[in-house]
Structure formats: structure tokens, C-alpha cells
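Asks: Per the working numbering, residue 11 is the first one in the sequence shown, and the count goes up by one each step.
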Amino acid sequence: MTPELVDTVTRWVQLLDAPEDIRPLAGRIESEILYRLLRGPLGPILRQWSPADTATTRVREVARWICARYTEPLSIDAIAAAAHMSPASLHRHFKAATGMSPLKYQKNLRLQEARRRLVAGDATAAQIAQAVGYVSATQFNREYRSAYGLPPARDAAQLRTRLATDHTAPARRA
Numbered sequence: 011m012t013p014e015l016v017d018t019v020t021r022w023v024q025l026l027d028a029p030e031d032i033r034p035l036a037g038r039i040e041s042e043i044l045y046r047l048l049r050g051p052l053g054p055i056l057r058q059w060s061p062a063d064t065a066t067t068r069v070r071e072v073a074r075w076i077c078a079r080y081t082e083p084l085s086i087d088a089i090a091a092a093a094h095m096s097p098a099s100l101h102r103h104f105k106a107a108t109g110m111s112p113l114k115y116q117k118n119l120r121l122q123e124a125r126r127r128l129v130a131g132d133a134t135a136a137q138i139a140q141a142v143g144y145v146s147a148t149q150f151n152r153e154y155r156s157a158y159g160l161p162p163a164r165d166a167a168q169l170r171t172r173l174a175t176d177h178t179a180p181a182r183r184a
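1) Is the beta carbon of Ala-130 sitting closer than 9 Å to the one on Thr-81?
2) For Gln-116, is the classification buried or exposed, using 16 other Cβ atoms within 10 angstroms of its Cβ as the cut-off for buried?
3) So Pro-112 and Leu-100 are in contact, right, with Cβ under 8 Å, and what is the actual spacing, rounded?
4) Where are the alpha helix (DSSP H) runs, 4 residues long or more, that stay fully inside the region 75-161, in chain order?
5) Between the C-alpha atoms of Val-145 and Leu-119, what's the straight-line distance to the nearest angstrom?
6) Leaving aside the five residues before and after Arg-127 along the sequence, list all residues of the same chain whose C-beta is less than 8 Å from its C-beta, in chain order.
7) Enumerate, from N- to C-terminal direction, the unbroken alpha helix (DSSP H) stretches of 4 or more residues contained entirely within the region 29-58.
8) Taking just the CA atoms, how far does Ala-163 sit from Ser-156?
9) Quick one: give me the first and last residue of the alpha helix (DSSP H) that Asp-17 is part of.
10) For Ala-106, which option in Arg-70, Ala-92, Ile-86, Ala-136 has the closest C-alpha, if you only look at C-alpha atoms?
11) Determine whether the beta carbon atoms of Arg-74 and His-103 lie at a separation below 9 Å.
12) Asp-31: buried (16+ other C-beta within 10 angstroms of its C-beta) or exposed?
13) Measuring alpha carbon to alpha carbon, tell me which residue in Leu-160, Glu-42, Gly-37, Ala-166 is nearest Met-110.
Below, the structure is given as C-alpha cells:
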């Protein structure tokens, strides 16, 4: 095993010591493990045994498709058609791979981008809501608060303060 792969697997195992981090981080680390395996000396052999058109491949491709269109109004039927799957099959496979439905995935992308833009502070919450695909500012505020625990403006102000504090704090010596 390469040192990079050992490091990645170690981080994955260390998640057991922080159960609250498993859900948000495990999938990313598992993807990194797969990436490192495929880039390593066993990569050609592993790729040879991996079928090209699987439900997982389709989910990955449709997740990219959703990312490219997250601001657009999408229906489960349109997403299923893009994945070349039935809506029921798409929902089952997508949820197994990501832990959420395709439309929840889209909503999370919208909220993450909105949060990023709010912290940047270059527009109002209503402008950002519209820019990320929300028709209703009220719905955006409700979903944002549900996801992050605070209304958009308060959350962004709190994050900016935290970032400013982290950047101005002196470095600790070991």
C-alpha cells in the first residue's frame, strides 16, 4: 500500500472514534480510498473487473448531471430519464449511494451554494435564493434554517465572525 492509501484508510478507521463525523465524512473518504486504489499499481486489474454500466455508475453520472443543473427546477422523472432508470430504481440506488433522494441532493447543493454566497456577503438572502434556484424566498428561509439552525443572514454573520476570529488568532505552538 502506498503511504497515501495508508493515510486515507487510517482516517477512515479513525472515524469510529468520532461517530458524529461518520455520516458527513465516510463517503468522501471511501471515494478517496477507491480513487487511490484505482490510481495505484492494482488500478488496471481493478478496472478490468469493474463493469462499465452499473447502477452505481449511473448514480454517479446523474449526481454530476444534478450538480450541473442544481439551479433548475428538476423532477424525479427528468432525473430518472437522465439516469436511464425508472424513478423507483433511481430513488433506491441513489439513496443507497448518497443517503438521500435525488431531489434532497439537489436541495443540499442549493443550500450549500447559498451558504457559500451568503458568507461571501455579495448579495442579499433573497437574491441568493433566486440565484440558486428557489422561487420562494420564504421556502428558502425555511429550508435554510432547517438545514443550518439559523436564518440565512444570522448564520452568514456568525460564520463570517468565526472565520475572522480564526484568521486573526495567533498560531499555537506545540
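The C-beta atom is built at its ideal place from N, Cα and C for all residues, glycine as well.
Replies: Result, derived from the coordinates:
1) Cβ distance not < 9 Å, so Ala-130 and Thr-81 don't count as in contact.
2) Around the beta carbon of Gln-116, 16 or more other beta carbons sit within 10 angstroms, so the residue counts as buried.
3) For Pro-112 against Leu-100, the beta-carbon gap comes to about 6 Å, under 8 Å, which counts as contact.
4) Counting only runs of at least 4 residues, the region 75-161 fully encloses the following alpha helix (DSSP H) elements, listed from N- to C-terminal order: 86-93, 97-108, 112-130, 135-141, 147-158.
5) Note on geometry: alpha-carbon atoms of Val-145 and Leu-119 lie some 16 Å from one another.
6) Once the five neighbours on either side are set aside, the close Cβ partners of Arg-127 are Ala-133, Ile-138, Ala-141, Val-142.
7) Whole alpha helix (DSSP H) segments, 4+ residues: 29-49.
8) For Ser-156 and Ala-163, the gap between their C-alpha atoms comes out near 14 Å.
9) Here the alpha helix (DSSP H) through Asp-17 covers 13-24.
10) Of the listed residues, the one whose Cα sits closest to Ala-106 is Arg-70.
11) The answer is no: Cβ separation not under 9 Å.
12) With fewer than 16 other Cβ atoms within 10 Å, it is exposed.
13) The shortest C-alpha separation from Met-110 is found at Gly-37.
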